[in-house]
Structures are given as structure tokens and as C-alpha cells.
Amino acid sequence: GVALSRLRTLLEERPEVSGAVISLGGSILTYGVKPDGSPWRVAITNPFDTAETVGILSLEGQWCVSTSGDYERYVEADGVRYHHILDPATGYPADTRVRGVSILSKDGLLSDALSTACFILGPEKGMELAGRYGAEALFVMEDGELILSEGMKRYFTKNDSYRK
Numbered sequence: 268g269v270a271l272s273r274l275r276t277l278l279e280e281r282p283e284v285s286g287a288v289i290s291l292g293g294s295i296l297t298y299g300v301k302p303d304g305s306p307w308r309v310a311i312t313n314p315f316d317t318a319e320t321v322g323i324l325s326l327e328g329q330w331c332v333s334t335s336g337d338y339e340r341y342v343e344a345d346g347v348r349y350h351h352i353l354d355p356a357t358g359y360p361a362d363t364r365v366r367g368v369s370i371l372s373k374d375g376l377l378s379d380a381l382s383t384a385c386f387i388l389g390p391e392k393g394m395e396l397a398g399r400y401g402a403e404a405l406f407v408m409e410d411g412e413l414i415l416s417e418g419m420k421r422y423f424t425k426n427d428s429y430r431k
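Shown next, in the form of C-alpha cells:
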């Protein structure tokens, strides 16, 4: 998140750069305009099958998209799956029925921090937190349900083949 914010500043200092997409782990920065004028398209990974997507965000201009999920970094022990996103109240992996959260914001640090915090809080409290910071949120729940903030609905197109 910090790196995305710094890269955005560097791009703003270079008027010769008219557009870019930068991906750093679970965070993506879109900047400026694509050469053909079409929106940037950012895929949201399907946590049940990482070779697939749940859908696409269509974005114009500068945006930061950060995703936190339980599907890439985890370990299984004695038939129990433990992911890496820890609830600070318990010290154990967060258990909120969430498989992934994607946050859309103008600021990289904010989107990165919110994706993790919203994962830990779950959809109800997470939506409230994202809204307080003017960010949009998309939750993929353990039953496959997609929960989107009202603003996220403007940018998101669900993949027709996504299971639900």
C-alpha cells in the first residue's frame, strides 16, 4: 500500500507518463488513460478457484485496488485450515465467514489497510469502516455470496461463470 502511494506520486511528477497499471502483490494501481481510451480492467480472483475470477472492475483514471484473502497463504494441520490474517483480539486467524475482500480507493495505503481490517471485521462492520474512509468494498463470503458496497456496484461486473 505504501509503495503504491509512493509510485502514484512518482507518476504524477512525470507528465510524459499518460497511463500505467502497477501490480504489487495483492494491490494494484491504475493511473491515467489507456492508449485506446477504454477503462482499465482489474480482475478479482475467485478464492474457490484462483485460476478464475468472480468478476472485473472497470476503472478510469487513478485507483488503488487491494485484496486480502485466506486462499493464498495458509497451512493445514490435523484437517484444519489456518490462514495468515490474524484477529488481534484472539491472536488466531480471523473467523468471519469471509474468503476475500477487495477495496477500491484513491489511496494505496488506505486500500491495503482496509482490505485486511475489513476481512477481520466481516461484511457488516467492514462496510461501515470502508464507508467512513470513502472506500468501496467487495466481500466474497465462504458460501460464495458476493456482498458489494453501493459504490462498488458501479465498477464491478460479475463473471457469468462464477458459482453462486
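Heads up, the sequence shown is in the numbering used here, so the first residue is 268 and it goes up one at a time. From the three backbone atoms N, C-alpha and C, an ideal C-beta is built for every residue, glycine too.
Item, Value
"Those runs of the beta strand (DSSP E) which lie wholly inside the segment 343-425 and span at least 3 residues", "347-350, 365-372, 403-408, 413-415 and 423-425"
"Contact the segment 378-392 vs the segment 405-425: 3+ CB pairs below 8 angstroms", "yes"
"Euclidean distance between Cα positions of residue 399 and residue 385", "12 angstroms"
"Where residue 442 sits in the DSSP three-state scheme", "Residue coverage of the chain in this structure runs from 268 to 431, which leaves residue 442 outside it and unanswerable."
"Identity of the residues DSSP links to residue 287 by a beta bridge", "298"
"Residue 326 versus residue 345: straight-line alpha-carbon distance, rounded", "43 angstroms"
"Length of the line joining the Cα atoms of residue 424 and residue 358", "36 angstroms"
"Own chain partners of residue 397 with C-beta closer than 8 angstroms, once the 5 adjacent residues on each side are dropped", "370, 381, 385, 403, 404 and 416"
"Bridge partners - residue 308, DSSP secondary structure assignment", "325"
"Residue 238 versus residue 364 - alpha carbon distance", "Because the chain here runs from 268 to 431, residue 238 falls outside it and cannot be looked at."
"Cβ-Cβ distance between residue 299 and residue 309 below 8 angstroms", "no"
"Distance between residue 335 and residue 273 (C-alpha atoms, nearest Å)", "20 angstroms"
"Whole-angstrom C-beta distance between residue 376 and residue 269, which should lie under 8 angstroms", "5 angstroms"
"Buried or exposed by the 16-neighbour rule on C-beta atoms within 10 Å, applied to residue 361", "buried"
"8 angstroms Cβ cutoff met for residue 429 and residue 313", "yes"
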